[in-house]
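Visitor: Numbering (the numbering used here), first residue to last: -7 to 198.
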């Protein structure tokens, strides 16, 4: 179960002292990644592109220990699992939120993704796993191509957040620009850079 930890007993001690009370502790990286493999697997196997990308995000984050700690209120909370949030268009043509527990088995993750996103779309009720898992937020703006996006610093939700638009085709390759926002107490730029490198690697080996 998630529990509060003493920041001084973690590798985030300095970051906690320095960034917890900063006016804007959120940092955003913008990166273009090659999603050619994702597009091909999606078309060949009939799997949703966003589901595949969400799974690769989980795979990329799972080995990085900083993803399992999150500042919540004035505390640093340690989690044992990661979930991926996806935004779902519901039956009223509005949006609802759906958390999917990360599972490194793609078939099982896909089954849960399809089941729970369908239920959320039909019921218009959000599925929230944040009490038990560190949730990585995502938002796909698939109606347009974007060159970058900066998320909102609400002061309430400190979860890492990823935004992307429509992928672009250049010659025979497909590229996607995404933004990755994170709380500086949770991780440093080096950890974020490692995550983005992991993400590209996971996509390439899908």
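Quick reminder that beta carbons are idealized off the backbone N, C-alpha and C, glycines included.
Model, not experiment: these values are computed from the prediction.
Quick one: is residue 51 buried, meaning 16 or more other Cβ sit within 10 Å of its Cβ, or exposed?
Guide: The residue is buried, with at least 16 neighbouring Cβ atoms inside 10 Å.
Visitor: For residue 8 versus residue 17, is the C-beta spacing smaller than 7 Å?
Guide: It is not a contact, given that the beta carbons lie outside the stated cut-off.
Visitor: Enumerate in chain order the residues of its own chain whose CB-to-CB distance from residue 102 is below 7 Å, with the five nearest sequence positions on each side excluded.
Guide: Excluding sequence neighbours, residue 102 sits near 39 and 43.
Visitor: What residues in its chain sit with their C-beta under 6 Å from that of residue 138, if we drop five residues either side in the sequence?
Guide: 157.
Visitor: Considering just the uninterrupted stretch of the alpha helix (DSSP H) at residue 112, what are its terminal residues?
Guide: First-last of the alpha helix (DSSP H) with residue 112: 98 to 115.
Visitor: Write down every uninterrupted run of the alpha helix (DSSP H) in the segment 27 to 78 whose length is 4 residues or greater and which is fully enclosed by it, in chain order.
Guide: Segments of the alpha helix (DSSP H) lying fully in the segment 27 to 78: 28 to 37 and 41 to 53.
Visitor: Which residue or residues does DSSP assign as beta-bridge partners of residue -5?
Guide: 70, per the DSSP bridge assignment.
Visitor: Would you call the CB atoms of residue 168 and residue 19 closer than 7 Å?
Guide: Cβ distance not < 7 Å, so residue 168 and residue 19 don't count as in contact.
Visitor: Pick helix, strand or coil for residue 198, following the three-state DSSP scheme.
Guide: In this structure, residue 198 counts as coil in the three-state DSSP scheme.
Visitor: How close, in whole Å, do the beta carbons of residue 183 and residue 58 come, if the pair is a contact with beta carbons under 8 Å?
Guide: The Cβ separation is near 5 Å, so the contact holds.
Visitor: For residue 64, which option in 22, 45, 56 and 124 has the closest C-alpha, if you only look at C-alpha atoms?
Guide: Among 22, 45, 56 and 124, the Cα nearest to that of residue 64 belongs to 124.
Visitor: Name the two residues that bound the continuous beta strand (DSSP E) containing residue 167.
Guide: Segment 165 to 175, the beta strand (DSSP E) holding residue 167.
Visitor: If you draw a straight line from the alpha carbon of residue 194 to that of residue 48, how long is it in whole angstroms?
Guide: Cα-Cα distance, rounded: 6 Å.
Visitor: Tell me which residue opens and which closes the alpha helix (DSSP H) that residue 5 is part of.
Guide: From DSSP, the alpha helix (DSSP H) with residue 5 extends over 5 to 11.
Visitor: Does residue 133 pass the burial test, meaning 16 or more other C-beta atoms within 10 Å, or should it be called exposed?
Guide: Exposed, since its Cβ has fewer than 16 Cβ neighbours within 10 Å.
Visitor: Which class does residue 181 belong to by DSSP, given the choice of helix, strand or coil?
Guide: Three-state DSSP puts residue 181 in a helix.
Visitor: Kindly indicate which three-state DSSP category residue 187 falls into: helix, strand or coil?
Guide: Here residue 187 sits in helix by DSSP.
Visitor: Spell out the partners DSSP gives residue 128 in its beta bridges.
Guide: Per DSSP, 76.
Visitor: Go ahead and label residue 146 buried or exposed: buried means 16 or more other beta carbons lie within 10 angstroms of its beta carbon, across all protein chains shown.
Guide: By the neighbour-count rule (16 or more Cβ atoms within 10 Å), residue 146 is not buried but exposed.
Visitor: Starting from residue 138 and walking both ways along the beta strand (DSSP E), at which residues does that stretch end?
Guide: Neither: residue 138 is in no beta strand (DSSP E) and is coded neither H nor E.
Visitor: With a 10 Å radius around its C-beta and 16 neighbouring C-beta atoms as the bar for buried, classify residue 151 as buried or exposed.
Guide: That one is buried.
Visitor: From this set, 190, 178, 85 and 196, which residue's C-alpha is nearest residue 6's C-alpha?
Guide: Ranking 190, 178, 85 and 196 by Cα distance to residue 6 puts 178 first.
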